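Student: Dumping the structure here so I can ask a few things about it.
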Amino acid sequence: MEPFLNRVQAGRLLAEALRASLPDLAEHSGVIVLALPRGGVPPGLEVARALTAPLDVMLVRKLGVPGQPELAMGAITSGARVLNEDVIWHCGIRDEDLEAVASVERTELERRARRYRGDKPWPDLKDRCVILVDDGIATGATMEAAARAVREQQPAALVLAVPVAPQSTLTRFTPLVDRVVCLLTPEPFWSIGAWYRDFSQLTDEQVIAMLREADHLSREKGE
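In structure tokens:
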């Protein structure tokens, strides 16, 4: 398997796969793309552009194990929390340590919401076809939190779309989503970044610029 050049190329390939798999969802009113920032926004923009659908951000924060922040013990959104009980047990995480990490991440969620969305109202997802996009999935904690939060808003259909993920993680999403579209399921997986030649970190300013571009495209479509 060849790695993607960057997130933009991965998003364009993902959009092609989605366009081929969405005809049976055409009866649902209003497709909307929700990208997980920061890394999910470039592929999300390409998907939204190809499907002429609006783009918004689904704000999720990983709850990292104290001292091992890359190891997820869970994830939170503004409306849902998912915990990895196995990691919590094996690492001996105390309730107070978990809540301390969650408090820090909630603060960051609020900061990003203000920065990325301002006073823009949250879209009504009821009876819509929602496409959740990220640049990849590793453990699946953040995407699971996002999927559960979206499910509570009663979409007509929920599609999980990512360029790369391990098959074992994708299997966990079978009860949560209606469709999974993933371009690469390498074994061994290693990491998301291993499957991109350019996996540079994005800044808030880049995310905001892409969201503005998406808003501009949506206004043009409306005209």
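Going letter by letter, the sequence shown gives residues 1 to 223 in the UniProt record's numbering.
Even for Gly, the Cβ is constructed at its ideal location relative to N, Cα and C.
Note that this is a predicted model, so its numbers are computed, not measured.
(1) Given that a residue counts as buried once 16 or more other Cβ atoms are within 10 Å of its Cβ, and exposed if not, what is residue 224?
(2) Is the beta carbon of L59 sitting closer than 8 Å to the one on D134?
(3) Would Y196 pass as a contact of P3 if the rule is Cβ separation under 8 Å?
(4) Tell me which residue opens and which closes the beta strand (DSSP E) that L63 is part of.
(5) Helix, strand or coil, according to DSSP, for M143 in the structure here?
(6) Out of curiosity, what's the CA-to-CA distance linking A145 and L83?
(7) With DSSP as the reference, identify every bridge partner of D198, one or two as the case may be.
(8) Can you give me the start and stop residues for the alpha helix (DSSP H) that I93 sits inside?
(9) Between A161 and V47, is the Cβ-Cβ spacing less than 8 Å?
(10) Who are the Cβ neighbours of residue 224 in its own chain at under 7 Å, not counting the five residues just before and after it?
(11) How is P163 classed by DSSP in three states: helix, strand or coil?
(12) As a quick exercise: from L51, G40, L71, pick the residue whose alpha carbon is nearest that of V57.
(13) Buried or exposed, going by whether 16 or more other CB atoms sit within 10 Å of the CB of M1?
(14) Over what stretch of residues does the alpha helix (DSSP H) that includes G11 continue unbroken?
(15) Could you give the distance in angstroms between the alpha-carbon of V65 and the alpha-carbon of R219?
(16) Using C-beta distances below 8 Å, list every residue in its chain close to A113, excluding the 5 sequence neighbours before and after it, in chain order.
(17) Could you pull the DSSP bridge partners for V41 from this structure?
(18) Could you give the first and the last residue of the continuous beta strand (DSSP E) run that contains T203?
(19) Hey, L55 and G44 are a contact pair by Cβ (cut 8 Å); roughly how many whole angstroms apart?
(20) Within a Cβ cutoff of 7 Å, which residues of the same chain sit near K62, ignoring the five residues on either side of it in sequence?
(21) Are V31 and L51 close, meaning C-beta to C-beta below 8 Å?
(22) Report the partner residues of L83 according to the DSSP bridge assignment.
Tutor: Let me lay it out:
(1) The structure shown does not extend to residue 224, since the chain spans only 1 to 223, so no value can be given for it.
(2) Against a cut-off of 8 Å, the Cβ pair of D134 and L59 comes out as no contact.
(3) yes
(4) 60-65
(5) helix
(6) 9 Å
(7) DSSP output for D198 lists no bridge partner at all.
(8) Where I93 is concerned, there is no enclosing alpha helix (DSSP H), given that its DSSP letter is neither H nor E.
(9) yes
(10) Past the boundaries of the shown model lies residue 224; the chain is included only from 1 to 223, so the question cannot be answered.
(11) strand
(12) G40
(13) exposed
(14) 7-21
(15) 42 Å
(16) L59, S78
(17) Bridge partners of V41: none, in fact.
(18) Per DSSP, T203 belongs to no beta strand (DSSP E) and is neither H nor E.
(19) With a contact defined as Cβ atoms closer than 8 Å, L55 and G44 qualify at about 6 Å.
(20) A72, A75, A141, T142
(21) yes
(22) Answer by DSSP bridge pairing, in chain order: G74.
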